[in-house]
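Residues 1 to 65 (full-length UniProt numbering) are what the sequence shown spells out, left to right.
C-beta atoms are modelled at their ideal positions from N, C-alpha and C, and glycine is treated no differently.
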Amino acid sequence: MTVEYTVIEKVPSAEAFCHLRVAAGMSPRPLEGARAGLPHSCLWRTYPLAGDADRDGTHRRRRRD
């Protein structure tokens, strides 16, 4: 099975970030804290599965360089 990814270099929404933390088994973060902190991030790369662009954050992995 071949999986296609698209690399998107942008900061995810605070809602997507909070969802991803919980989905990855990490501790939840307050939404307001994410809204305050995300704009100060250096670089984000997200990798949505092909065809999943409408499911913001559901199949994304975050990586900060």
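Report task. Quick one: grab the DSSP three-state call for M35. Result -> Sequence index remark: in the sequence shown, residue 35 carries index 35 (1-based). Per the sequence shown, residue 35 should be read as Arg rather than Met. The answer is helix: DSSP assigns R35 an H, G or I state.
Query raised in the report: Would A24 be called buried (16 or more neighbouring beta carbons within 10 Å of its own) or exposed?
Result: Here residue 24 refers to the residue found at position 24 of the sequence shown. A24 is exposed by the Cβ-count criterion.
**Report entry** Closest residue to L43 among E4, R21, T2 and I8 (Cα-Cα distance)
**Finding:** Stepping through the sequence shown from its first residue, residue 43 is reached at position 43. Nearest option by C-alpha distance: I8.
Query - Residue of S27, S13 and E4 minimising C-alpha distance to S41 - result: Locating residue 41 in the sequence shown gives position 41, where the first residue counts as 1. Taking S41 as reference, the option from S27, S13 and E4 with the minimal CA-CA separation is S13.
Requested in this report: State buried or exposed for T46, treating a residue as buried only when at least 16 other CB atoms are found within 10 Å of its CB.
Outcome: Position 46 of the sequence shown, counting from 1, holds the residue named residue 46. The residue is buried, with at least 16 neighbouring Cβ atoms inside 10 Å.
Query raised in the report: Quick one: what's R29 bridged to in DSSP?
Result: Residue mapping note: residue 29 aligns to position 29 of the sequence shown, counting from 1. As far as DSSP is concerned, R29 takes part in no beta bridge.
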